[in-house]
Amino acid sequence: MSTDYSSDGLLAFLREATLAGRITPSAAKSRRAAAQTLFAKLSDSEAADLRTLDIDALKSRFLDTQGGGLRAEVVDLYAERLGWALDDYFRFVESPNQFVSSSTTVSQDTARPKAQLAPKTPEERALEAVRLTAPRQRSDVIPIPLGAERVVYLHSLPVDLTPQEARKIARVVEALANEAEDAQ
């Protein structure tokens, strides 16, 4: 593993470093989740050699293709965690025996007592609560399960939908159905 700079090597490192006690489990778990999520948009050359990876470009590709799947703040956090994971991984590959994770060191900011931290205003606390509260499912999206791993989502239906309008929508959906599949 001494010269492996691949995405698989990074994921294996995060798993093995946790078992060896070189990285805290919570840091490794969050970095692994971030890496796995963002690695969905890696090119083959980037996956083979992470030293060529531009995290900002990867983040942009992910946001462009995911659309509204994840909020930009979450993707920013994932990119930051991936950066930390890559930093640890590259230092480990270069000198495995001297490796100490950056997640195990205490920074000056975290070492300060809480009394020295500036208290948050009600507006700051409210903004933080809004950012941390991820919507589970939008209220205007209605999931309709069709079968194993098949779900259709209805979106933007008017609140005052009439039965006549509902039948019209149903007829459009029926027209889109593949009749050959019904014969099976």
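Reminder that position 95 of the sequence shown reads as 259 in the numbering used here, one-by-one numbering, no gaps.
The beta carbon of each residue, even a glycine, is placed where N, CA and C say it ideally should be.
Owing to the predicted nature of the structure, the values given are computational and were not obtained by experimental measurement.
Who are residue i's beta bridge partners in DSSP?
i: LEU318; result: ILE306
i: GLY247; result: GLY247 is not bridged to any residue.
i: GLY311; result: ARG314
Can you check whether the C-beta of residue i is within less than 8 angstroms of a C-beta belonging to chain C?
i: ALA198; result: Looking for chain C here will not work: only one protein chain is present.
With burial defined as no fewer than 16 other Cβ atoms inside 10 Å of the residue's Cβ, what is the status of residue i: buried or exposed?
i: SER265; result: buried
i: THR182; result: buried
i: VAL257; result: buried
i: ASP252; result: buried
i: ILE306; result: exposed
i: VAL316; result: exposed
i: ALA236; result: exposed
i: GLU329; result: exposed
i: ALA197; result: exposed
i: LEU310; result: exposed
Reducing DSSP to helix, strand and coil, say where residue i ends up.
i: GLY185; result: coil
i: LEU325; result: coil
i: TYR253; result: helix
i: ARG235; result: coil
i: ALA290; result: helix
i: ASP240; result: helix
i: LYS332; result: helix
i: VAL264; result: coil
i: ASP168; result: coil
i: ALA176; result: helix
i: ALA341; result: coil
Are the region 220-232 and the region 190-207 touching, with three or more C-beta to C-beta distances below 8 angstroms? Verdict: yes, contact present.
Contained alpha helix (DSSP H) runs [length at least 4] in the region 190-231, N- to C-terminal order: Within the region 190-231, the complete alpha helix (DSSP H) runs of at least 4 residues are 208-212 and 219-230.
Is the region 207-226 touching the region 167-175, taking contact as three or more C-beta pairs under 8 angstroms? Touching, yes.
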